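Heads up: the structure comes next, in C-alpha cells.
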Amino acid sequence: MIERGHHDMGGLPAGKVDRAGHDYEQWERRIDALAVLLWGLKGTRQIITVDEHRKNVEALPPGAYDSMSYYERWVASTVQCLIQRGVITTEELARKMIEVGSREQG
Amino acid sequence: MSDQGEYRPLTYFQLMEVSLRELLVEKGIVTDAQVDAEVEDMRRRGPERGAKVVARAWTDGAFKKRLLENGTRACEELGLEVPALKLVVVENTPGVHNVIVCTLCSCYPRMLLGLPPDWYKSRNYRSRMVREPRAVLAEFGLRIPDGVKIRVHDSTADMRYFVLPMRPAGTEGWSEERLATLVGRDSMIGVAVPKGPSD
Amino acid sequence: MSKAKYKVGERVRVMKAYPLGHVRTPYYIRGCVGEVERVCGAFPNPEELAQMRDGLPARPLYRVRFLQKDVWPDYRGSPGDVVEVEIFQHWLDPA
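Chains as they are written, first to last, in the working numbering: chain C, 1 to 106; chain H, 107 to 305; chain D, 306 to 400.
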C-alpha cells in the first residue's frame, strides 16, 4: 500500500537477523566516497543533499529495493539525484556506459 | 575490470558506478584523487575511534559529563570530528540499556565506528529492533533482565547516536589504552556489552 | 527560524497522517502520544530538502520518548521500555 513507504519498515514482522557481513568491495567504497563528497560533507561543494539521496532510494520499486544490494541502491539513487539536478543527462550516462562497457570487453 | 583477483565482467551497477565517476571527473565535479582520499579516509575510520571515547569517559568523570551533554564537542576535544550532524551519547547504567537503530535507512555514527555492518542495514534488524528489542538482543546473545529498562533510539533526523557502555568490573587502575581494547563496535551500538578483563 | 513550541517533559501526539513525499516520521509512531525528551535545535525541513528546495526556515526538532506499551498493543517487554524518535515540530500537536 502506497501510504506506507516500502523503506518505512519499523515494526513490521521480519526474520532473524543474519549477523554475517561481507568485506566491502572497492566499487562499494567508491560510491560511498563519491556520495559523501557530493553531499558536501567533507568540505567539498554540496551538489546534492543526503535528503535527495534518501528520497531516490525510497522511490525504488519495492522489488528492486529488496533485491538490490545496499550500494547498488546508492549508485541508482546518486545517478537519479544528478539527473534531476541537471548535473548529468541520461544521454551522457548512456554514451559513457557504452564506452566503458566496450572498453571492458575490448 | 572488477577488483577481485580473477576477471569478472562488471555488473550493471558496477558499470554505472564507473561511468558515473568518469563523467563527474570529466565535468570537473570531483577528481579521482578526491574519491581515493575519501575511500582511504573511511578505511582508516574504525570502531577504535569510538573505543577511545569510551575509555576516556570511563577514566575521566568530567569528560564523561561533557560527552553526555554535547557529544560532538566532547569528541572534538579528542581530535575526532563528527561533522555536520549532532552526536547524542546515551549511557548504559545498571537500570538502563540503550540500543540504536535507523528504521528508515542506515544512519549510523560513521565517524566513530566506520562503515556500518550489513546486519545494521538489514530489513530484519530495522523492522524488529523497535518492536521487540529484547528478542533481537537475545539473538545477539545479550539477555537484558526484566528489571532493566531498554531505550531504543531510532535515528530519524539529524542526530546520530552512540552508546556509552558500562565499564566492566575488575578493570580498576587500567590505562585508557588497555580499557579501549575491551570496547567492540557492537557494544557502542548496544547489541553487545564490552568484554570483561578475563574474556 | 521558528521558536520551539514544546518543552522538555511536555506530552505531545504525533499527527495521524499518511502523506506522500519524503517523510522522516516513521509510520509506526504516527498517532502515538509521548513526551519531549529534549529539544534538539532547529534544522531545515528534510521533506523540502529532498525536493531540491532549501527547507528554510529551519524548524524545531525534538526527541520524543514513547512507552513501548503505548506504541505496540502486544508489546511483551518491561513496562518501562521506551522508544525515542526524532520528530519535527510540524508533526506534533499537544496531547
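In this text, a Cβ means the ideal position worked out from N, Cα and C, and glycines have one as well.
Fair warning: this is a prediction, and the values are worked out from it, not measured in the lab.
Inset, instruction - Output, in chain order, the set of chain H residues within a Cβ distance shorter than 9 Å of D359/D. - result: Taking a Cβ-Cβ threshold of 9 Å, none of the residues of chain H is close to D359/D; the smallest such distance is about 15 Å.
Legend entry - Beta-carbon spacing of N204/H, V194/H below 8 Å: no
Legend entry - Min CB distance H327/D to chain C below 8 Å: yes
Inset, instruction - Pick helix, strand or coil for P399/D, following the three-state DSSP scheme. - result: strand
Legend entry - Separation of D66/C from S108/H, as counted between CA atoms: Confidence in S108/H is poor, its pLDDT being 47 and thus under 50, which makes the residue's placement too unreliable to answer from.
Inset, instruction - Kindly indicate if chain D contains any beta-carbon less than 8 Å away from that of K171/H. - result: So no, K171/H is outside the interface.
Legend entry - Classification of L288/H by the beta-carbon crowding that lies within 10 angstroms, buried from 16 upward: buried
Inset, instruction - Check S108/H in the structure and name its three-state DSSP category. - result: Bear in mind that a pLDDT of 47 at S108/H, under 50, signals an unreliable position, so the number given afterwards is only what the model happens to contain. S108/H falls in the coil class under three-state DSSP.
Legend entry - Span separating the alpha-carbon of L116/H from that of A35/C: 20 Å
Legend entry - Per-residue burial, D375/D [other beta carbons within 10 Å of its own, 16 or more giving buried]: exposed
Inset, instruction - Anything in chain H within Cβ reach of L397/D, meaning under 8 Å, just list it in chain order. - result: Under the 8 Å cutoff, chain H gives no residues; its nearest Cβ is about 13 Å from L397/D.
Inset, instruction - Grab the span of the alpha helix (DSSP H) containing G167/H for me, first residue to last. - result: Per DSSP, the continuous alpha helix (DSSP H) segment holding G167/H begins and ends at 167 to 175.
Inset, instruction - Would you please verify whether the beta carbon of K192/H is less than 8 Å from any beta carbon of chain C? - result: False, the Cβ-Cβ gap to chain C never drops below 8 Å.
Inset, instruction - Please confirm if E52/C has its CB atom under 8 Å from at least one CB of chain D. - result: yes
Inset, instruction - Look at K255/H and G296/H and say whether their C-beta atoms are less than 8 Å apart. - result: no
Legend entry - Own chain partners of D292/H with C-beta closer than 8 Å, once the 5 adjacent residues on each side are dropped: F246, A298
Legend entry - Beta-carbon neighbours of K55/C, restricted to chain D and to distances below 7 Å: H327, A355
Inset, instruction - Starting from M294/H, follow the alpha helix (DSSP H) in both directions and report where the run begins and ends. - result: 291 to 295
Inset, instruction - Could you tell me which chain D residues have their CB closer than 8 Å to the CB of A263/H, listed as they occur along the chain? - result: R329, C345, F348, P351, L366, E391, I392, F393
Inset, instruction - Inspect the beta-carbon positions of L173/H and A163/H and report whether they are closer than 8 Å. - result: yes
Legend entry - C-beta neighbour in chain C for M107/H, strict 8 Å: The predicted model places M107/H with a pLDDT of 44, which falls under 50 and marks its position as unreliable; any figure quoted below should be read in that light. Yes, its Cβ sits closer than 8 Å to a Cβ of chain C.
Inset, instruction - Check the Cβ of E97/C against every Cβ in chain H and list those closer than 8 Å, keeping chain order. - result: Correcting the residue type first, residue 97/C is Met in the shown sequence and not Glu. By Cβ distance, chain H contributes L121, M122, S125.
Legend entry - Run of the alpha helix (DSSP H) containing K96/C, from where it starts to where it stops: K96/C -> alpha helix (DSSP H) spans 90 to 105.
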